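K.L.:
Below you'll find the structure I mean.
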Amino acid sequence: MAHYRRAGSVPPKRHTQHRDPDGRLYREELMGEEGFSSDSSLLYHVGVPSAVLEARRWELPDQATTPNEPLLPRHLRLHDLFTDDPAGTAGGGAGPWAAKESNPVEHRRLVLANGDVRISYVVAGATSPLYRNATGDEIVFVEAGTGVLETVFGHLPYGPGDYLVVPRATTHRYVVGTPTRLYCIEANGHVAPPKRYLSRYGQLLEHAPYCERDLRGPGEPEVREETEVEVLVKHRGRGPGGLAGTVHVVPEHPFDVVGWDGCLYPYALSVHDFEPITGRIHQPPPVHQVFEGNSFVVCNFVPRKVDYHPLAIPVPYYHANVDSDEIMFYVDGDYEARKGSGIGKGSVSVHPGGHSHGPVPAAIEASLGAESFDELAVMVDTFRPLELGEGGRAVDDGVYHRSWSR
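full-length UniProt numbering applies: residue 1 is where the sequence shown begins, and numbers increase by one.
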C-alpha cells in the first residue's frame with residue numbers, strides 16, 4: 001500500500017547509524033517487494049533479524065486438492081467445519097474440529113485453491129504461534145470475534161467485519177480475545193487496491209469506495225525480550241500445493257523493532273467503511289471490488305440501496321463465468337438472489353467457469369420493487385480453476401446444483 005507511515009524511533013537519514021542510549025547499533029532491515037522495485041519499509045531491530053538457532057519441519061494442515069469434477073456449482077457449509085464441543089477431532093479428520101482448541105494459524109482448513117490463491121477457514125479460541133507466510137500476502141476477513149493481530153511492525157486490534165492485510169514474510173501472531181471466525185485468502189504473490197482506484201502516484205482517488213482515512217495501520221512497535229522463540233514459516237516446497245513448512249528457533253523475539261517507516265506494513269480495513277456504488281439499473285460485480293491479486297480479485301457486497309429505474313430488476317441477471325470461478329462467502333443478512341437455495345450464513349457458493357448461474361427463478365419476481373438489500377458477503381473471483389481442499393470436500397452439500405430446477 002503506497003501510503004507512507006512512520007512509527008517509533010528512526011534516524012533522520014536512511015542507511016545511516018542509529019544507536020540505542022548505550023551506543024549500541026540497531027540493525028536496519030529493508031523489507032521490500034519485487035526486489036528493490038516496489039513498496040518497502042525500513043525496520044530497526046535490537047537483534048539480528050537473520051539469526052536462526054535451529055530449524056525443523058512443520059507439518060502443514062492438509063493442502064491436497066481435488067479437481068471440481070464432474071463440473072458442478074457447489075454449496076459449502078463452512079460453519080460445519082468446527083464445533084464448540086472440546087471433544088471434537090482437532091488436528092485431523094473430515095469431521096468438525098474443536099474450535100476451543102484451534103488457533104488461527106495451525107488449524108486452518110483448506111476450502112479451495114489453485115496456483116494463485118488458497119482459501120481457508122478457521123474458528124479459533126486459542127492464541128496462535130508466531131507465523132510468517134513466505135509465499136505471499138494474506139487477506140484475512142474477520143467473520144466474528146475480537147482480538148489483536150500482533151506484528152513486528154506493531155499491533156492491530158481486530159473485530160467483526162475487518163479485513164486484515166498482512167504483507168508476505170511479516171512475522172505475526174493472533175491473540176484471540178473472543179472466539180474468532182476467520183476467512184483466510186492467501187495469495188501466491190501480492191495484493192493491493194484495484195489499480196483503477198489509484199492515482200499514478202498511488203493515492204486512492206475520489207471515485208474509490210474507500211480512502212486512506214479508512215485504513216488502520218499498526219500501533220507503535222513493542223519490543224519483547226524473550227529468548228529462543230519459535231516462528232512457523234510457510235514457504236514454497238515440494239508438498240501439496242507446492243508448499244512446505246519450517247519451524248525456526250530464533251535467539252531473540254522477532255518483535256524487537258524500535259521503529260520503522262515506509263509504505264509496506266500490515267493494515268486493517270473494515271467492510272463497514274466500504275461505500276457501495278449503486279445505479280439506476282443493476283451494477284456489475286467490479287463496482288464491489290476491494291482488492292486485487294495476481295489472477296484473482298476480492299469484492300464485497302454490503303447493505304445498500306438498489307436499482308431505482310422504474311423497471312429495474314434488482315437481483316443479478318444470469319451470467320456465464322467464461323474466464324473465472326466465482327466464490328461467494330455469505331456473512332450476514334438475507335441474500336436475495338439465493339433465497340430458497342439453502343444458502344445461509346457461513347455458506348460458500350462455488351460457481352465455476354463454464355457454468356451459467358444467477359438467481360433462483362422465484363427470486364427474480366420477488367425482488368421487484370425492492371429499494372435496498374441487507375446483505376454482507378465476500379467474493380473471490382479467480383482466473384484459473386479452483387480445486388476443492390479437504391475442508392471444502394467435507395462440507396459440500398451435494399445438492400446445490402439442483403437449486404435452479406426446483
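Quick reminder that beta carbons are idealized off the backbone N, C-alpha and C, glycines included. Source: prediction; values computed, not measured.
(1) Taking the alpha carbon of Ala-268 as the reference point, which residue from Gly-293, Pro-218, Gly-389, Arg-236 has its own alpha carbon closest?
(2) Within its chain, find whatever has a CB closer than 7 Å to the CB of Glu-225; leave out the 5 residues flanking it on each side and keep chain order.
(3) Measuring CB to CB, does His-282 end up less than 8 Å from Pro-251?
(4) Is the segment 394–402 close to the segment 323–332, with three or more CB pairs under 8 Å?
(5) Can you give me the start and stop residues for the alpha helix (DSSP H) that Ile-364 sits inside?
(6) The beta strand (DSSP E) that contains Glu-252, what's its start and end?
(7) Would you list the one or two residues that DSSP bridges to Ser-349?
(8) If we cut at 8 Å on Cβ distances, does Pro-284 have a partner in chain D?
(9) With burial defined as no fewer than 16 other Cβ atoms inside 10 Å of the residue's Cβ, what is the status of Ala-55: buried or exposed?
(10) To the nearest angstrom, report how far apart Tyr-335 and Pro-314 are at their CA atoms.
(11) Using C-beta distances below 6 Å, list every residue in its chain close to Pro-276, excluding the 5 sequence neighbours before and after it, in chain order.
(12) What residues in its chain sit with their C-beta under 7 Å from that of Phe-383, if we drop five residues either side in the sequence?
(13) Smallest Cα separation from Gly-32: which of Ala-320, Glu-220, Asn-321, His-190?
(14) Would you call the CB atoms of Val-348 and Leu-78 closer than 8 Å?
(15) To which residues of the same chain is Gly-161 closer than 6 Å at the C-beta, ignoring the five residues directly before and after it?
(16) Give me the Cβ distance between Pro-96 and Asp-116, rounded to the nearest whole Å; I'm assuming they're in contact under 8 Å.
(17) Count Cβ pairs between the segment 143–153 and the segment 106–120 that sit closer than 8 Å; are there 3 or more?
(18) Just to confirm, are Thr-151 and Pro-49 a CB contact at a threshold of 8 Å?
(19) Looking at C-alpha atoms only, which residue of Glu-228, Leu-76, Thr-127, Tyr-26 is the closest neighbour of Thr-180?
(20) Could you tell me which of Asp-20, Ala-51, Ser-9, Ser-38 sits nearest to Glu-228, measuring between CA atoms?
(21) Using CA coordinates, which residue listed in Glu-387, Phe-82, Leu-198, Ala-363 is at the minimum distance from His-403?
(22) Do Ile-185 and Glu-222 have their C-beta atoms closer together than 8 Å?
(23) Quick check on the burial criterion: 16 or more other C-beta atoms within 10 angstroms. Buried or exposed for Gln-17?
(24) Counting only the same chain and skipping the five closest in sequence on each side, list residues whose C-beta sits under 6 Å from that of Gly-91.
(25) The alpha helix (DSSP H) spanning Glu-390 covers which residue range?
(26) What whole-angstrom Cβ distance do Leu-42 and Gly-262 have, given they're in contact under 8 Å?
(27) Anyone know if the C-beta pair for Val-231 and Leu-182 falls short of 8 Å?
(28) Applying the criterion that 16 or more other CB atoms from any shown protein chain within 10 Å of the CB defines a buried residue, is Lys-13 buried or exposed?
(29) Look at the alpha carbon of Gly-358 and the alpha carbon of His-288, and state the distance between them as a whole number of angstroms.
(30) How far does the beta strand (DSSP E) with Pro-157 in it extend, from its first residue to its last?
(31) Take the Cβ of Arg-213 as the centre, count every other Cβ of all protein chains shown within 10 Å, and call the residue buried at 16 or more, exposed below.
(32) Can you say whether Asp-84 is buried or exposed, counting buried as having 16 or more other CB atoms within 10 angstroms of its CB?
(33) Under the DSSP definition of a beta bridge, which residues are partnered with Gln-289?
(34) Apart from the five residues just before and just after Ser-356, which ones in its own chain have a Cβ nearer than 6 Å to its Cβ?
(35) Under 8 Å, do Arg-216 and Leu-149 count as touching if we go by C-beta distance?
(36) Can you look up Arg-24 in the DSSP assignment and give me helix, strand or coil?
P.N.:
According to the structure shown:
(1) The candidate whose alpha carbon is nearest that of Ala-268 is Pro-218.
(2) His-253
(3) Cβ distance not < 8 Å, so His-282 and Pro-251 don't count as in contact.
(4) With a cut-off of 8 Å, the segment 323–332 and the segment 394–402 do not count as touching, because too few Cβ pairs lie within range.
(5) 361–367
(6) 243–252
(7) As DSSP reads the structure, Ser-349 sits in a beta bridge with His-75, Met-328.
(8) Here there is only one protein chain, and chain D is not present.
(9) exposed
(10) 12 Å
(11) Val-302, Arg-304
(12) Ser-295, Phe-296, Asp-323, Ser-324
(13) By alpha-carbon distance to Gly-32, the top candidate from Ala-320, Glu-220, Asn-321, His-190 is His-190.
(14) yes
(15) In the same chain as Gly-161, and ignoring 5 residues on each side of it, the C-beta atoms closer than 6 Å to its own belong to Ser-270, Val-271, His-272, in chain order.
(16) In fact, because the Cβ distance is near 29 Å, the residues do not count as touching under 8 Å.
(17) no
(18) no
(19) Thr-127
(20) Ranking the options by Cα distance to Glu-228, first place goes to Ala-51.
(21) Residue identity check: residue 403 is Ser in the sequence provided, not His. For Ser-403, the nearest C-alpha among the options comes from Ala-363.
(22) no
(23) exposed
(24) Residue placement at Gly-91 is flagged as unreliable, the pLDDT there being 49, under the threshold of 50; a coordinate-derived value is accordingly withheld.
(25) 390–394
(26) 6 Å
(27) no
(28) exposed
(29) 17 Å
(30) 154–158
(31) exposed
(32) exposed
(33) Cys-299, per the DSSP bridge assignment.
(34) Tyr-318, Ala-320
(35) The answer is no: Cβ separation not under 8 Å.
(36) coil
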